[in-house]
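For the sequence shown, our numbering begins at 55 and goes up steadily by one.
The block underneath contains the structure these notes are about, expressed in structure tokens.
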Amino acid sequence: MLTPEYLEACCDDVLGLYDALNESIVRDISRRIVKTGKVTDSARWQLKQVQESGKLMEEIIQEVASVTKFSDSYISELFNESGVISLKYEGDICSAAGLTPISLKQSPAMMQTLAAAVEKTQGNINNLTMTTAVASQNLYLQYTNLAYMQVTSGAFSYQEAIKQAVKAAAIDGGKVLYQKGHSSKLDVAVRRSLLTGVNQTAGKLTEMYADEMDCDYFETTAHLGARNTGTGYNNHESWQGQVFCISGKDKRYRQFREATGYGEGGGLCGWNCRHNFHMFFLGLSKPAYSREVLEGYAKKTHQYKDSSGNIRTLSEYECTQIQRAYERQIRESKSLLAGYDSGIKAAPDEKTENALREEFKTESVNLKKIEAEMKDFCKQTNRAVDSARTQVYAVKDDSGKIVNFNKSVSQKAVWANKKSS
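In structure tokens form, the structure reads like this:
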């Protein structure tokens, strides 16, 4: 079993790497857009665009390869750590029930399951990440074409067209492409794949452990802010912290898979789910959650006074969704800052540089505003500001390798905000 707290935080280090990759992609696209320059002759412009497009593809492929070396190591360590933690918890339950526990190394089948899960998740994430090269090249072509048409038609000045192109590329940059044609932000796709992989692997190991121990009952974990929307197993609050019969033979308890949706995307251990489960021995194990505790989770509310002075009563789940929305706004703002910063450095003339610098200054103020609003919201609702989700960690050397972690873009934004106030 893995706790909701562990599942909430376990992906942070890996996501830090992909936050850095996302920033690099945005910088690359923005720089190439600006470097395409003020070429007005159609043939020369098309040649320049093709050259920059090819270089962009090469750069991003190299960056993805660099990050992959780090992320593969992180993923392997994470899965092995989570496997050991999960089985230790099951072992403690067995010991309390008077049974002899088994370790991960004692079960070749469990070791194989864990190794296969590591390889599958690494492959899934690497394949998804590599699609960012194609997506980025398409974005570059799309927005340079748009900027060229805007300038040559006289609809916009060169500086205005470039500002719009850089902004659009920063917002849309760092996306992965799925086979069915839809796309997703890089960090969202990585987190979904990683969290689901870790959680489902822990669940599979617990199932194997239960088979070894002839255990026919599972108890699910519970946490504040569980999903309380939808019907059936999609409403996680309806089944969290309860005991279920695996086989369905004991009619006093609901059947495990049917009640929780285990194995389905919207159910237990599904997409972005932080619930897990552990063995439960009737007459020997004690429930981890009392009815009072679960009712307290469900009834927990917060009073929040918004910027308009309206007082809202929010459930814990609603608070979580609002905080996540703030965090997404912060990540988008930081992407914009990275795009403008890269464009400033590549600007072909002072007028373009100043135009982008003004956009950087404006967005810096906006970032501080969003951060202040989120901080106030978290303070009013007694929540911790989750900096791990909003901070870029990794930096690269001149050759493109990740060498350290810092807050480079954020610190520039702080300075720009101070100068404007």
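C-beta: ideal position from N, C-alpha, C; glycine also.
- The C-beta distance from Arg85 to Ser396 rounds to 5 Å, short enough to meet the 8 Å contact threshold.
- In the three-state reduction of the DSSP assignment, Gln191 falls in the helix class.
- Taking 4 residues as the shortest admissible run, the region 279-320 contains the following complete alpha helix (DSSP H) segments, listed from N- to C-terminal end: 310-314.
- Inside the region 147-205, DSSP marks no whole alpha helix (DSSP H) run of 4 or more residues.
- Collapsing the DSSP output to three states places Leu338 in coil.
- Short of 7 Å from the beta carbon of Gly317, and not among the five residues preceding or following it, lie these beta carbons of its own chain, in chain order: Arg311.
- Taken through DSSP and simplified to helix, strand or coil, Gln357 comes out as strand.
- Val188 is a Cβ neighbour of Leu231, given a cutoff of 8 Å.
- Around the beta carbon of Met203, fewer than 16 other beta carbons sit within 10 angstroms, so the residue counts as exposed.
- Less than 8 Å separates the beta-carbon of Phe331 from that of Thr260.
- In terms of Cα proximity to Ser157, the closest of Tyr143, Asn282, Ala169 and Ala150 is Tyr143.
- Judged by DSSP in its simplified three-state form, Met55 adopts coil rather than helix or strand.
- Rounded to the nearest whole angstrom, the C-alpha separation of Thr183 and Leu410 is 29 Å.
- Taking 8 Å as the cut-off, the Cβ atoms of Val244 and Leu56 do not count as close.
- In terms of Cβ geometry, Glu113 and Asp82 form a close pair [threshold 8 Å].
- Using a C-beta cut-off of 8 Å, the region 108-127 makes no contact with the region 222-230, since fewer than three inter-stretch Cβ pairs fall below that distance.
- A check of alpha carbon separations from His236 across Ala264, Cys269, Thr185 and Lys258 identifies Thr185 as the nearest.
- No Cβ-Cβ contact shorter than 8 Å links Asn192 with Ser247.
- In the DSSP assignment, Leu231 is bridged to Ser237.
- A check of alpha carbon separations from Ala313 across Trp325, Cys299, Asn326 and Lys303 identifies Cys299 as the nearest.
- Looking from the CA of Cys65, the closest CA among Arg98, Tyr128, Val80 and Ile87 belongs to Tyr128.
- Straight through space, the alpha carbons of Asp430 and Ala438 are spaced by roughly 11 Å.
- The three-state secondary structure of Phe272, taken from DSSP, is strand.
- Arg366 carries a strand assignment under DSSP once its states are collapsed to helix, strand and coil.
- Under the three-state reduction of DSSP, Phe431 is assigned to helix.
- Under the criterion of beta carbons closer than 8 Å, Cys432 and Gln377 qualify as touching, at roughly 7 Å.
- Here Gly152 is exposed: its Cβ has fewer than 16 other Cβ atoms, across all protein chains shown, within 10 Å.
- Distance between Lys399 and Glu407, taken at the CA atoms: about 8 Å.
- With respect to the C-alpha of Phe124, the residue from Asp265, Val138 and Leu75 having the closest C-alpha is Leu75.
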